[in-house]
Structure formats: C-alpha cells, structure tokens
DNA sequence: TTATTTTTAGAATAATATTCAATTATTTTA
DNA sequence: TAAAATAATTGAATATTATTCTAAAAATAA
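Residue numbers (UniProt numbering), protein chains in the order written: chain U, 1 to 159; chain X, 1 to 159.
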C-alpha cells in the first residue's frame, strides 16, 4: 500500500487533543476554543478521518456495569510460521479478546481478555482456545486491579 | 463508597452498543434507530454518564500518525507492600504509560507503554523507571505487530 | 387498587451542523 | 521571484439537532 502522508500542524494537534479527551466535543466548541470558523474545523476533522489519523470514536464503558470483572493477559505460543498469523486472526475474532499482539522472542502472542469472572476465563480457554489448532501452550496472568487504562497518546505541543 | 446500582435494560444496552461503536452518533440518530423520542434518549444517556456506566468518550488516534511506533509491555517487580501501590501511581502519572495493572502472583505490575521507537523506550526505562524507588526488576516484551486493539466490551443482546 | 415515582413524548426554542461561494493563504513551478 | 495553481478559511444561509419543559403514560411501590 502507498505510504500515507500525515502532515499535521499545531491546529490538527489541538483538535486531536480535544477529541482524545472528549470525542463528543462539538464543532462549535472546538471552533471557539481555537478561534476559528466551525466550517474550517469541520473540514479538518473530516480530513483527519479520511487520512485515518482519527480511527474511530468510542465510548468507554465501565466493565463492571456489564459484569465483566476479570481482566487477564495470556501469552500464547503457537506453531504459526513467522510472518503468518493464522492463530492471531482466530484469536482476534473472539469478542472477549480485546487485544492481540505478535510479540518478539517467544514465537507467540500476547492477548488481553475480559470475562465475567474466572469461570468465564476457564470456559474461554477450554472451549475456544482449546479448539484452535496450532496453540502449543499458554501462560495466563490475572489482573488484580487496574490502576490506569487509557489509549491516549502523547500529542506534541509544538508544530 | 456506596455500591452503585447498575440497572440496565435492553434499551440501555442498545444505546451502549451504538455509542461504543461510534461515540459521535447524534441523539437524533439514536432516537430514530430505537424508535424513541430524542428527549428520552438524551435523558438515558445523561443517566448513563451520571452513573458512570459511560466513563468517557475517546477518539482513537492512529499512533503512527504521531510517530509512536513502538508498543511494549513491561513487567515490573517492586517492593510495594501488598495493598499499597506507591510505585503503581508513579507509573500511572507517566503519559507514555497507557496501562498499569496490579497482577497476581509476582509482586508486580504489568504496564503498557507507547514510545517513539526503541530509543524512546530506553530513555523511559533509564530516565524515568530508573529513578523510581522500589522497582526491583523489569522484564520487557516488545510488540512486533498489533493484530487487534480495542476496548469494546461484549454487550448482552437480551435484557 | 391507589399513590408515587420514573420514563416518555411532543412541542417550542436555542444551538449546532453543514453547505457553498468568495476570499485569503500557501505551495508549486516556470 | 512572480505567476499560477492549490488548499484552507471565512461568513452567511439553511437544515438539522440539542435541549428544555410540561403533560401523559408507564412502571413501581404501598
């Protein structure tokens, strides 16, 4: 694929900063804050979306409100050939699996999983992971408490 | 603190599902999709926010657009006493650290860090982690490629 | 069942989104 | 460097949405 050109100036950064903190900030407010016309902001936001700089807008929902109380990280060793990621894509299809990363040095993946509780985790490992061909072994790390969990990026202050 | 009551019906679930997929969906659209009055939806969304079921609205930004190309997970062993999390809070203050989890079985934390590249990671470990009292050791896992990275929760289909 | 509380609809108003033509700024290229 | 071309911004007009509030309906409690 063609290399995308990201060409961001400090106004874009400011927009990104605002949106990252509150994706429902309306155009008019952003325009006021930056001292520009709403139409100009709209234009820029559209461009940020088109260029896939802004990837999506999410509501962050409290997991406990949906009774999803257990967070785990699982290291998975597979027989996937380097460069191929068959198992990874199967893992990625599972809705409880929030993240799948191909990691260095271990012929494996690190996944982040959210389940109801430990029985949900067991179910998932037994019924779903257990049925994926090519998984050689797993090592599970249980999260006792999450102190911070964000996706915010550090946005440059200057141009 | 008092135990919060989450009492969600299937309309709330639908709202959450819509918002989770696109936090900028406007009230009128949600109302149309659910066949309800905009004022009723507004009321419900406000309540979801007040009850801290919706925690925040984020724009997900492409890390490469901000030249943040390296993702790492670091296991950190500390001398933190069980129940106390002094080091954890210091880690959480660092903007490059997106996640801090207290994990079972290792007297330690798992953190997720996004830096420019490997030199940024080295800087961070040397200049920042290196200066935190109470860190006994670290083990770093480098992400080669991310196949999936979302915060979406599984939302019940029925009541 | 009645009383109380919560939720919803509907209408009215305030505010915002969106479009577009004209202007200004920026970049390209001759 | 100047002219030409391109990109970005403004401002005004219109369409759409947000927000507020009251009355009705629905759900819940007594």
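Glycine included, every Cβ here is placed at the ideal spot set by N, Cα and C.
Which residues DSSP lists as bridging residue i, in chain order
{"i": "residue 70/U", "result": "115/U"}
{"i": "residue 61/X", "result": "54/U"}
{"i": "residue 103/X", "result": "143/U and 108/X"}
{"i": "residue 76/X", "result": "109/X and 138/X"}
{"i": "residue 148/X", "result": "100/U"}
Nonlocal neighbours in the same chain, by C-beta distance under 8 Å from residue i, ignoring five residues either side
{"i": "residue 48/U", "result": "12, 15, 16 and 54"}
{"i": "residue 143/U", "result": "70, 71, 72 and 73"}
{"i": "residue 20/X", "result": "152, 153 and 155"}
{"i": "residue 63/U", "result": "69, 71 and 114"}
{"i": "residue 44/X", "result": "11, 12 and 15"}
Beta-carbon contacts of residue i that lie in its chain and below 7 Å, excluding the five residues immediately before and after
{"i": "residue 79/X", "result": "134 and 136"}
{"i": "residue 57/U", "result": "23"}
{"i": "residue 96/U", "result": "113, 114, 115 and 124"}
{"i": "residue 141/X", "result": "72 and 73"}
{"i": "residue 67/X", "result": "116"}
Residue i - DSSP class collapsed to helix/strand/coil
{"i": "residue 51/U", "result": "coil"}
{"i": "residue 163/X", "result": "Absent from the model: residue 163/X. The displayed extent of chain X is 1 to 159, so no value can be given."}
{"i": "residue 9/U", "result": "coil"}
{"i": "residue 153/X", "result": "coil"}
{"i": "residue 205/X", "result": "As shown, chain X starts at 1 and ends at 159. That puts residue 205/X outside it, with no answer to give."}
{"i": "residue 14/U", "result": "helix"}
{"i": "residue 81/X", "result": "coil"}
{"i": "residue 35/U", "result": "coil"}
{"i": "residue 94/U", "result": "coil"}
{"i": "residue 40/U", "result": "helix"}
{"i": "residue 21/U", "result": "helix"}
{"i": "residue 27/U", "result": "helix"}
{"i": "residue 2/X", "result": "Per-residue confidence for residue 2/X stands at a pLDDT of 45, beneath the threshold of 50, marking its modelled position as unreliable; the derived number appears in the next sentence. Residue state, collapsed to three classes: coil."}
Cβ neighbours of residue i in the same chain (closer than 6 Å, five flanking residues each side left out)
{"i": "residue 139/U", "result": "75"}
Integer Cβ distance of residue i from residue j, believed to fall under 8 Å
{"i": "residue 37/X", "j": "residue 31/X", "result": "6 Å"}
{"i": "residue 89/U", "j": "residue 101/U", "result": "Actually they do not touch by this definition, with Cβ atoms about 13 Å apart."}
{"i": "residue 98/U", "j": "residue 145/X", "result": "Contact flag wrong, Cβ pair sits at about 16 Å."}
Margin query: If the cut-off is 7 Å on Cβ atoms, which residues from the region 16-38 of chain U count as contacting chain X, listed in chain order?
Written below: Contact annotation: in the region 16-38 of chain U, residues whose CB is within less than 7 Å of a CB in chain X are 16, 19, 20, 22, 23 and 24.
Next item on the list: Could you list the residues in the region 88-101 of chain X with a C-beta less than 8 Å from some C-beta on chain U, going in chain order?
Entry: Within the region 88-101 of chain X, the residues whose Cβ lies closer than 8 Å to some Cβ of chain U are 88, 89, 91, 92, 95, 96, 97, 98, 99, 100 and 101, listed in chain order.
Check: Closer than 7 Å, Cβ to any Cβ of chain U: which residues of the region 126-145 of chain X, in chain order?
Finding: 141, 142, 143, 144 and 145
Next item on the list: May I ask you to list, following chain order, the residues of the region 146-157 of chain U that have a beta carbon less than 9 Å from some beta carbon of chain X?
Entry: 146, 147, 148, 149, 150, 151, 152, 153, 154, 155 and 156
Margin query: Counting only Cβ-Cβ distances shorter than 8 Å, please list the residues of the region 42-68 of chain X near chain U, keeping chain order.
Written below: 51, 52, 53, 54, 55, 56, 57, 58, 59, 60, 61, 62, 63, 64, 65, 66 and 68
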